[in-house]
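Quick note, the sequences are listed as chains A and B, same order. Position in the first sequence counted from 1, then plus 53, gives you our numbering. Position in the second sequence counted from 1, then plus 427, gives you our numbering. Built from N, CA and C at the ideal position, the CB exists for glycine as well. Notes follow once the structure below has been shown.
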Amino acid sequence: MSIEQADMLHGVGAADAARLIALGSRVHVSTGAQLFELGSEAHGVYLIERGRIALTLPMRIGAGQEDVLVEERTTGQMVGWSGLIPPHRFTLKALAQIDTDVVVLPRAPLLEFFDANPAIGYVVMRNLASVVGQRLQVFQAMWLREMQRFVETRSS
Amino acid sequence: MVMFLMVLCMSVFGLAVCGLAFGAATRGLPTGEEAALTAAVDERLAAVPERFFVRDAAPLPAPAAVLVPKVPIEVFLAQIERHVRLEQAAAESFLSAPSLESLHGRTVSPLVH
Chain A
54 MSIEQADMLH GVGAADAARL IALGSRVHVS TGAQLFELGS EAHGVYLIER GRIALTLPMR
114 IGAGQEDVLV EERTTGQMVG WSGLIPPHRF TLKALAQIDT DVVVLPRAPL LEFFDANPAI
174 GYVVMRNLAS VVGQRLQVFQ AMWLREMQRF VETRSS
Chain B
428 MVMFLMVLCM SVFGLAVCGL AFGAATRGLP TGEEAALTAA VDERLAAVPE RFFVRDAAPL
488 PAPAAVLVPK VPIEVFLAQI ERHVRLEQAA AESFLSAPSL ESLHGRTVSP LVH
């Protein structure tokens, strides 16, 4: 699978996708290395060209704190959409689970490209909405399942 | 009559003893000694917090519930990871076919049993 076929670029022609990818730069993230930190400023989005990224949140366990896996993203998927959505702060921490290559697309040139090519911007933003919406729906369902268990525990 | 006089005498004697005891208890200290004692009492009162019955320090927030796993931390983290994966799979299954049953379907996660 080539990076031009990434989920963020579904529906974008190959030539336009290549132009868009050319705005970014390729970065290698070694196994266990951090791609971005929770709460840090998000300057762009990341397309995973190869590898796997774990998205984690911190949790207090015993006297310490541990990163708990929340989601995994793999080849062709995007991470770090906080780079395009205000307040541009990462709400998760991203770590490479295996050696991973990503394309970093910085926000400013990306938005300029969308302004100049609104049709492409529309398609990309629709794909982004789909990624964001999917996560929202999954977590909504997970939260409700947890609530259901809470209610059952309290009423038993 | 004799009995009456005896009770009267005893009462007058008792009253006199009480009067002497009261006088001894309320007699003032010598002037210098009294001033020193007053100063010492004032000093101690000044040191007492104004809100005697209220804690001076703001109440501490309730300590966060500390989750202490009964198994080694690596095992516990692996259990959480498995739980998250199973829950996500269950949630995604609900999204592909939304229904009450698919939303609340059980998983084999050890953390919910």
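Who are the neighbours of residue i on chain A, taking C-beta pairs under 8 angstroms?
{"i": "Gln607/B", "result": "Since the displayed chain B opens at 428 and closes at 540, residue 607/B lies outside it and no answer follows."}
Determine the extent of the alpha helix (DSSP H) in which residue i is found, giving its start and end residues.
{"i": "Gln515/B", "result": "Ile500 to Ser523"}
{"i": "Asp69/A", "result": "Ala67 to Ile74"}
{"i": "Glu528/B", "result": "Leu527 to Leu530"}
Locate the beta strand (DSSP E) running through residue i, then write down its first and last residues.
{"i": "Ala86/A", "result": "No beta strand (DSSP E) contains Ala86/A, which DSSP labels as neither H nor E."}
{"i": "Gly117/A", "result": "Gly117 to Thr127"}
Are residue i and residue j close, meaning C-beta to C-beta below 8 angstroms?
{"i": "Met195/A", "j": "Gln515/B", "result": "yes"}
{"i": "Arg103/A", "j": "Asp154/A", "result": "yes"}
{"i": "Val157/A", "j": "Tyr99/A", "result": "yes"}
{"i": "Gly174/A", "j": "Gly136/A", "result": "no"}
{"i": "Asp60/A", "j": "Met131/A", "result": "yes"}
{"i": "His141/A", "j": "Glu199/A", "result": "no"}
{"i": "Arg126/A", "j": "Ile101/A", "result": "yes"}
{"i": "Asp152/A", "j": "Thr84/A", "result": "yes"}
{"i": "Val123/A", "j": "Val511/B", "result": "yes"}
{"i": "Arg62/A", "j": "Leu76/A", "result": "The sequence as given places Leu at residue 62/A; Arg does not occur at that position. No, Cβ-Cβ distance for Leu62/A and Leu76/A is not below 8 angstroms."}
State the beta-bridge partners of residue i as determined by DSSP.
{"i": "Gly97/A", "result": "Pro159/A"}
{"i": "Ile106/A", "result": "Arg126/A and Ala149/A"}
{"i": "Arg113/A", "result": "Gln118/A"}
{"i": "Arg207/A", "result": "DSSP output for Arg207/A lists no bridge partner at all."}
{"i": "His63/A", "result": "His63/A is not bridged to any residue."}
{"i": "Asp154/A", "result": "His81/A and Arg103/A"}
{"i": "Arg217/A", "result": "Any property of residue 217/A remains undetermined from this structure, which presents chain A solely from 54 to 209."}
Which residues of chain A have a Cβ atom closer than 7 angstroms to the Cβ of residue i, listed in chain order?
{"i": "Glu519/B", "result": "Val191"}
{"i": "Val539/B", "result": "Arg202"}
Taking residue i as the query, report the chain B residues whose CB atoms sit under 7 angstroms from its CB, ordered along the chain.
{"i": "Gln201/A", "result": "His531"}
{"i": "Arg142/A", "result": "In chain order: nothing, as chain B lies at least about 23 angstroms away."}
Identify the contact partners of residue i in chain B, using a Cβ-Cβ distance below 9 angstroms as the criterion.
{"i": "Ile106/A", "result": "Those do not exist, as Ile106/A stays about 15 angstroms from chain B at its closest Cβ, beyond 9 angstroms."}
Could you tell me which chain A residues have their CB closer than 9 angstroms to the CB of residue i, listed as they occur along the chain?
{"i": "Val511/B", "result": "Val121, Leu122, Val123, Glu124 and Met195"}
Residues of chain B with CB under 8 angstroms from residue i, in chain order?
{"i": "Arg198/A", "result": "Glu514, Ala517, Ala518, Leu530 and His531"}
Check: What are the start and end residues of each continuous beta strand (DSSP E) run of 3 or more residues lying completely inside the stretch 159-195 of chain A, in chain order?
Finding: none
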